[in-house]
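Structure record follows, encoded as structure tokens.
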Amino acid sequence: MAEDPNRGEDPTSSGIRIDTDQNFTNAEFLTKCDEYQLFQLTKLYRDRLEQGIEEGVDKVSLLLTNEKHFSDQEHHKVTELAEKGNRADSSKLLLNLVMGKGSQTRRVMWESFVKMRYELPKLDKILKEIQELGSESFDFVNIVRGSPEVPSTLKDVQQKHKKMLQEQTETLRVNTILIKEKVKIFQLIDRYAELTIISNVRDRTLVEHELLARGRDHEEWRKKDLRRELEKIRTDQLFQSSFSWIGFLFQKAKSLFWQSNSGSSAAVSGVPGIGKTTMVQKIVYDWATGKIYQDFQFVFSFKFRELNSINSRINLRNLILDQYPYFGNVLGELWKNPKGLLFIFDGLDEFKDRIDFADNRRNTEPQFMCTDPECWCKVSDIVYSLIQHKLLPGCSVLVTSRPTALLLLEKAEISVWAEILGFVGVERKEYFNKYFEDQTVAAAVFKHVEENEILYTMCYNPSYCWILGLALGPFFTQRNRKQQQVPKTITQLYSYYIYNILKNHGREIESPRDVFLKLGEMAFTGISEKKIVFRNGDLIQYNLQPSQFLSGFLMELLERDDSTQSVVYTFPHLTIQEFVAALAQFLTPDPKDIQKLLNEADSEKDGRFEIFLRFVAGLSSPQSARPLEEFLSPFLRQTTCRVIDWVKEKVEGQIGNTATEAGKRNLLNTFHYLFESQNKALAQATVGSVETLTFSSLALTPIDCVVLSHVIGLCDTIKHLDLQYCYIQYEGLQRLELVLHKCRVLRLGSNNLGDSGMKLLLAVLKNPDCKLEELGLEENSLTDSSADDLAFALSTNRLLTYLNLSNNKLGDSGLKLLSVVLRNPDCKIQKLWLADVILTASCAEALVSILNTNQSLTELNLSSNKLGDSGVKQLSAALRNPDCKIQKLTLKGVSLTSSCAEDLASTLSANPVLTALDLSYNKLGDSGVKLLSEALRNPVCKIQKLWLRDNGLSASSIKDIAFALSTNRSLTELDLGHNKLRDSGVKFLSEALKNQDCKIQKLRLDDTRLTDSCSNDLASALSTNRSLKWLSLELNSFRDQSIPAFCRLIKNSSSLERIELWKNEFSLTGENRLKLLRGIRHGLSVELSSR
10 MAEDPNRGED PTSSGIRIDT DQNFTNAEFL TKCDEYQLFQ LTKLYRDRLE
60 QGIEEGVDKV SLLLTNEKHF SDQEHHKVTE LAEKGNRADS SKLLLNLVMG
110 KGSQTRRVMW ESFVKMRYEL PKLDKILKEI QELGSESFDF VNIVRGSPEV
160 PSTLKDVQQK HKKMLQEQTE TLRVNTILIK EKVKIFQLID RYAELTIISN
210 VRDRTLVEHE LLARGRDHEE WRKKDLRREL EKIRTDQLFQ SSFSWIGFLF
260 QKAKSLFWQS NSGSSAAVSG VPGIGKTTMV QKIVYDWATG KIYQDFQFVF
310 SFKFRELNSI NSRINLRNLI LDQYPYFGNV LGELWKNPKG LLFIFDGLDE
360 FKDRIDFADN RRNTEPQFMC TDPECWCKVS DIVYSLIQHK LLPGCSVLVT
410 SRPTALLLLE KAEISVWAEI LGFVGVERKE YFNKYFEDQT VAAAVFKHVE
460 ENEILYTMCY NPSYCWILGL ALGPFFTQRN RKQQQVPKTI TQLYSYYIYN
510 ILKNHGREIE SPRDVFLKLG EMAFTGISEK KIVFRNGDLI QYNLQPSQFL
560 SGFLMELLER DDSTQSVVYT FPHLTIQEFV AALAQFLTPD PKDIQKLLNE
610 ADSEKDGRFE IFLRFVAGLS SPQSARPLEE FLSPFLRQTT CRVIDWVKEK
660 VEGQIGNTAT EAGKRNLLNT FHYLFESQNK ALAQATVGSV ETLTFSSLAL
710 TPIDCVVLSH VIGLCDTIKH LDLQYCYIQY EGLQRLELVL HKCRVLRLGS
760 NNLGDSGMKL LLAVLKNPDC KLEELGLEEN SLTDSSADDL AFALSTNRLL
810 TYLNLSNNKL GDSGLKLLSV VLRNPDCKIQ KLWLADVILT ASCAEALVSI
860 LNTNQSLTEL NLSSNKLGDS GVKQLSAALR NPDCKIQKLT LKGVSLTSSC
910 AEDLASTLSA NPVLTALDLS YNKLGDSGVK LLSEALRNPV CKIQKLWLRD
960 NGLSASSIKD IAFALSTNRS LTELDLGHNK LRDSGVKFLS EALKNQDCKI
1010 QKLRLDDTRL TDSCSNDLAS ALSTNRSLKW LSLELNSFRD QSIPAFCRLI
1060 KNSSSLERIE LWKNEFSLTG ENRLKLLRGI RHGLSVELSS R
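Going left to right, the sequence shown walks through residues 10 to 1100 as our numbering numbers them.
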């Protein structure tokens, strides 16, 4: 390919270069890099490259070894670590070795990255960044931050500032359930558990209940992490790393108001309780103690919640002095070096003022502009101007927010976007080890959490872990608690959380039932109005008197109003507010309107009441109610009965309504109600006789799978379970394993189960009570290892008749393993789908052995495998065996040419059992189809359905097919779509269709280059034809001129039930004329759109 010196360059793009040939562009870029620049590029991306090459580190090492840059010993050290599962250490070692060698080694390493980019998504992302930035990538050499030394006039105040920040952040305040010691103080470094943070721009819209939706998002992101696509980012990489430099350069490239000395801004999002504020505390502590960001001379941290108390205009000077008064008159010196400043703003979602970054008036109108730290303006203007680099350009800004408020930042100049995923893997266990001083208790609590999948999945969030610790701790520290009473559902967990509070502080409440009723009513109003902060006025409205208990149960916050300060209250967590709101429904003396209230809550489409309703259903359970009734007196039986009736009504109303995604989601929610209620009788009454459950294309979390398993376990008649495209993976399948044997039809396609998932299904298939007859496992990343397991299972299973293994990586070796069991006379498989499983002609011998010996197999799909002519020739010989029972054979896209047509024709002429043959998407050509047509005239041939789509056919071969149709009595369906038949070919077909012996019922002629010229021939043919029911003519070139002919065709063809005409060249008037024909005969369908 000739090289174009201007290839991929756009002179208007400020140096940004886009090129579709990415390997070419990156190779060209590397050629332009001198040795120093390549060294700097490697240093800049060092941390990210370690992540990026983890999954391919052994291949990179091999390439370097083959090029004589690594010794065999060095290669062995790298690969040994990778083989032991220490890929992170392996990639770190590789980069250490490369950086210790010469410049040529670095160049060869980068060249290997270009070759391997498509195998390694993270590496590909890095190379795309370099490619898009082009020459701008070199700019980091010039902009590498190096803050000047702190002036002597500021050294004392810096030392004082660091000391004060260290004192403020070195301890962690943790709420307890003990009012006498409602806050425990711990050293931050002792209790801080590392969180997983990812570097990605997230979808910032919210449809469902915020916590629940983000929980599902978290599962999806974790799936991507398992595929090694997510880039993790540490807190010390938000600034002064390749993440921030690249974001900086992209902002520079797209900004209309770019200033050369602009700093960078970072946004970190996370759901409530995920640890944003604690993360900020750790960043400040690490800076104050000299561990990170030492290029920043000063760090100033603010909470939006505290900034809400400022109701008048203020300047940045006073904003700082208000919190850090010791800066006195030295701030002017700080303004001289804004690059040395980092501003942190925590909790954008809690800010009372809306900051509109898309408002262009802020760039033009003086009243919205804040460019001077001495300028008096609104707090929102100061924050806006710092983030947009209009105030103290060169400073850096970190903003944290819940996902709901991220929409505000879409138009902001953010260099780094990140999200806190929370705890992943061992990080969960680390939290509990730090939470409990007694490691025996920590181990016992974590074991319980790990065994209960609902609880385990929830504890990705530190706030949930905190509630788990509070609620579960006493069960493992008090000897009089029975282990079997440990909470199993979320409702039970929260019930024991409140129980522990009441047990410790019941005496301090004059009337606990009355207090929780009023508190719950206030909480419910808050949920209705999306309100989480309550003031004294709210307490007064609900007749709640400030008390020692109330101030301990709720979290108190100081809010400043002008010059005065007042106390406001929040529940420790949104889910606690939802639980207390649910609890109030069981404490009210008059429950007559409870069902109306539940229906109204359920009708809210934004999901705000979803968790509330689960708690209501859960509190109808004696296991959840009993601990609370000890202190709050028994719940009204009338309320419990009405809640149970409501749940019953919801489940029964939703069972058959799963045609839409919303219907499936609603049914899943009602199953969550059943699970929380733990009411076996209720579940059996509502779902006990259900035969079919369909959740296809609905993403299911492990929590959902636990709930589904619970429901199926109580269902006696389940026959069909469809979980295709639910992406449950191994983790979800593990939760369902114990109930899947009850199903007769199980669809598990597109769930990325992997070979480990197949091992779980092995146990299901070997279960003596297994009723499975049909099993769909297409597109699940299965390999020949799974084939081995499956073969073992099928050797004992006598019921399975349908097995779909398409779109997996079984290969020839996998088929050979399966062939052993498929030759077993006891194997009852009737339909076997093996489309796109990487088969070649080498497996033909195994296929032949199956067809020659298996007496039950009637349908075989081998599409999208490279069998070729040689493979199908061997297969044809087996099909001519009188013992072969195959009735339907699918060979779409298996690389056939006319060379194998004679063998196929011979098979059709000799095999009276084969009734359906799909040869679409091959290259049989006219000569090949001529041979097949001759076979169709043979009276032994009983083919009923023949698909020849996209086979390079012309009018010549249609003449042969038409001749065969005039004598063939069995063929009822013929697909000739996507061939160049043209009008002349259809004229031949039309003559055949006039023949009374022609039995064709379904004929596909879509995209066959037809025009108006053949419309009269078709109309004439179908005026006498009494068999054709379905005619497809879409994607041709019919115009309004042919409409009279189609009108005659539709009116005169008494058997025609459906005609497809979309994507032709009719005018709107013409289409309307055709639409009028829909009503001329009952059941007639005239389709003009593909819908």
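The C-beta atom is built at its ideal place from N, Cα and C for all residues, glycine as well.
S804 in three-state terms, based on DSSP | Looking up residue 804 in the sequence shown gives position 795. Note: S804 maps to coil in three-state DSSP.
Residue environment, S1046, which counts as buried when at least 16 other CB atoms sit within 10 Å | Position 1037 of the sequence shown, counted from the first residue, corresponds to residue 1046. S1046 counts as exposed, since fewer than 16 other C-beta atoms from the protein chains shown sit within 10 angstroms of its C-beta.
What is the DSSP secondary structure of D355, counted as helix, strand or coil?
-> Mapped onto the sequence shown, residue 355 falls at position 346. Residue state, collapsed to three classes: strand.
Just mark C650 as buried or exposed, buried being the case when its beta carbon has 16 or more other beta carbons within 10 Å.
-> Taking the first residue of the sequence shown as position 1, residue 650 is located at position 641. By the 10 Å Cβ count, C650 comes out exposed.
How would you label D30, buried or exposed, when you count the other beta carbons within 10 angstroms and need 16 or more for buried?
-> The sequence position of residue 30 within the sequence shown is 21, counting from 1. With a pLDDT of only 44 at D30, under 50, the local geometry of the prediction cannot be trusted, and the value read off the model is given with reservation. So D30 ends up on the exposed side.
Output the distance between the C-alpha atoms of V293 and Q332, rounded to the nearest integer angstrom.
-> The sequence position of residue 293 within the sequence shown is 284, counting from 1. The sequence position of residue 332 within the sequence shown is 323, counting from 1. Cα-Cα distance, rounded: 15 Å.
Which residue from S885, K875 and V922 puts its Cα closest to that of V903?
-> In the sequence shown, counting from the first residue as 1, residue 903 sits at position 894. For V903, the nearest C-alpha among the options comes from K875.
What span of residues does the alpha helix (DSSP H) with W119 cover, start to end?
-> Counting from 1 along the sequence shown, the entry for residue 119 is found at position 110. Judged by DSSP secondary structure, W119 falls within the alpha helix (DSSP H) whose first and last residues are S112 to M125.
Tell me the DSSP bridge mates of A925?
-> If you number the sequence shown from 1, residue 925 lands on position 916. Note: A925 is bridge-paired with K897 and K954 in the DSSP secondary-structure output.
In terms of residues, what are the limits of the beta strand (DSSP E) holding Y312?
-> Walking along the sequence shown from the start, residue 312 turns up at place 303. Reading off the sequence, residue 312 comes out as Lys, not Tyr. It spans F307 to K312 - the beta strand (DSSP E) in which K312 sits, taken as one unbroken run.
C-alpha distance - N151 paired with T244, whole-angstrom precision = As a first step, residue 151 is located in the sequence shown; it is residue number 142 there, counting from the start. As a first step, residue 244 is located in the sequence shown; it is residue number 235 there, counting from the start. Legend: pLDDT at N151 = 42, less than 50; position of this residue unreliable, no value from coordinates given.
What number of angstroms, rounded off, separates the C-alpha of A800 from the C-alpha of V829?
-> The residue given as residue 800 occupies position 791 in the sequence shown. The residue given as residue 829 occupies position 820 in the sequence shown. If you take the alpha carbons of A800 and V829, they lie about 8 Å apart.
Just mark E587 as buried or exposed, buried being the case when its beta carbon has 16 or more other beta carbons within 10 Å.
-> Against the sequence shown, residue 587 aligns to sequence position 578. Buried, by the Cβ-count rule.
Report the three-state DSSP secondary structure of E868 (helix, strand or coil).
-> Sequence index remark: in the sequence shown, residue 868 carries index 859 (1-based). In the three-state scheme derived from DSSP, where H, G and I count as helix and E and B as strand, E868 is classed as strand.
Would DSSP call I1089 helix, strand or coil?
-> As a working note, residue 1089 is residue 1080 in the sequence shown. I1089 falls in the coil class under three-state DSSP.
DSSP beta-bridge partners for K875?
-> Numbered from 1 along the sequence shown, position 866 holds the residue referred to as residue 875. Beta-bridge pairing links K875 to T849.
Looking at the unbroken beta strand (DSSP E) that takes in N608, where does it start and where does it end?
-> By 1-based counting over the sequence shown, the position of residue 608 is 599. It is not in any beta strand (DSSP E) - N608 instead sits in the alpha helix (DSSP H) that spans I603 to S612.
Keeping to the same chain, check which residues put their C-beta closer than 7 Å to that of L1085; ignore five residues upstream and five downstream.
-> Stepping through the sequence shown from its first residue, residue 1085 is reached at position 1076. In its chain, beyond the 5 residues on either side, no residue has a beta carbon closer than 7 Å to the beta carbon of L1085.
3 or more residues per run - each beta strand (DSSP E) lying fully within the region 749-782 = Here the runs fully enclosed are 754-756.
Y508: buried (16+ other C-beta within 10 angstroms of its C-beta) or exposed?
-> Counting from one through the sequence shown, the residue named residue 508 turns up at place 499. Y508 comes out buried.
For L511, I'd like the list of residues in its chain whose CB is within less than 7 Å of its CB, leaving aside the five on either flank, ordered along the chain.
-> The count along the sequence shown starts at 1 and reaches residue 511 at position 502. The residues are P521 and F640.
Going by the beta-carbon positions, is the gap between T1014 and S1041 smaller than 8 Å?
-> By 1-based counting over the sequence shown, the position of residue 1014 is 1005. By 1-based counting over the sequence shown, the position of residue 1041 is 1032. One point to set straight first is that residue 1014 is Leu, not Thr, in the sequence displayed. Yes, they are a contact pair.
Secondary structure of S422, DSSP reduced to three states = Here the question's residue 422 lines up with position 413 in the sequence shown. Sequence check: residue 422 is Glu here, not Ser. Three-state result, E422: coil.
Can you tell me which of the three DSSP states C468 falls into?
-> For the purposes of this step, residue 468 is taken as the residue at position 459 of the sequence shown. Coil at C468, not helix or strand.
Can you tell me which of the three DSSP states V392 falls into?
-> Taking the first residue of the sequence shown as 1, we reach residue 392 at position 383. The three-state secondary structure of V392, taken from DSSP, is helix.
Would you report the Cα separation of N346 and L174, rounded to the nearest angstrom?
-> Position 337 of the sequence shown holds residue 346. Position 165 of the sequence shown holds residue 174. About 21 Å.
Taking T51 as part of the beta strand (DSSP E), name the residues at either end of that continuous run.
-> Walking along the sequence shown from the start, residue 51 turns up at place 42. Per DSSP, T51 lies in no beta strand (DSSP E); the unbroken alpha helix (DSSP H) holding it starts and ends at E44 to G61.
Could you tell me whether the Cβ atoms of L808 and L771 are closer together than 8 Å?
-> Here residue 808 refers to the residue found at position 799 of the sequence shown. Here residue 771 refers to the residue found at position 762 of the sequence shown. Not in contact: L808 and L771 (Cβ atoms no closer than 8 Å).
Rounded Cβ spacing between Q1145 and E982 (contact assumed at less than 8 Å) | Residue 1145 lies beyond the range of the chain shown here (10 to 1100); nothing can be said about it.
Taking C-alpha atoms, which residue in E315, D992 and F533 lies nearest to F624?
-> Along the sequence shown, read from residue 1 onward, the residue named residue 624 stands at position 615. When E315, D992 and F533 are compared, the shortest CA-CA separation from F624 is found for F533.
Rounded Cβ spacing between R544 and V577 (contact assumed at less than 8 Å) | Indexing the sequence shown from 1 puts residue 544 at position 535. Indexing the sequence shown from 1 puts residue 577 at position 568. About 5 Å separates the beta carbons of R544 and V577, which is inside the 8 Å limit, making them a contact pair.
Using 8 Å as the limit for Cβ to Cβ distance, is K361 near chain C?
-> Of the protein chains in the structure, only one exists, and it is not chain C.
For the alpha helix (DSSP H) holding Y736, just list the boundary residues, first then last.
-> Position 727 of the sequence shown, counting from 1, holds the residue named residue 736. Per DSSP, Y736 belongs to no alpha helix (DSSP H) and is neither H nor E.
Pull up the DSSP beta-bridge partners for W842, would you.
-> Residue mapping note: residue 842 aligns to position 833 of the sequence shown, counting from 1. DSSP lists N813 and N870 as partners of W842.
If we call anything under 8 Å between Cβ atoms a contact, is V408 one with L418?
-> Sequence index remark: in the sequence shown, residue 408 carries index 399 (1-based). Sequence index remark: in the sequence shown, residue 418 carries index 409 (1-based). Contact check for V408 against L418 passes: the beta carbons are separated by less than 8 Å.
Tell me H78's beta-bridge partners as DSSP assigns them.
-> Numbered from 1 along the sequence shown, position 69 holds the residue referred to as residue 78. H78 pairs with nothing; no bridge assigned.
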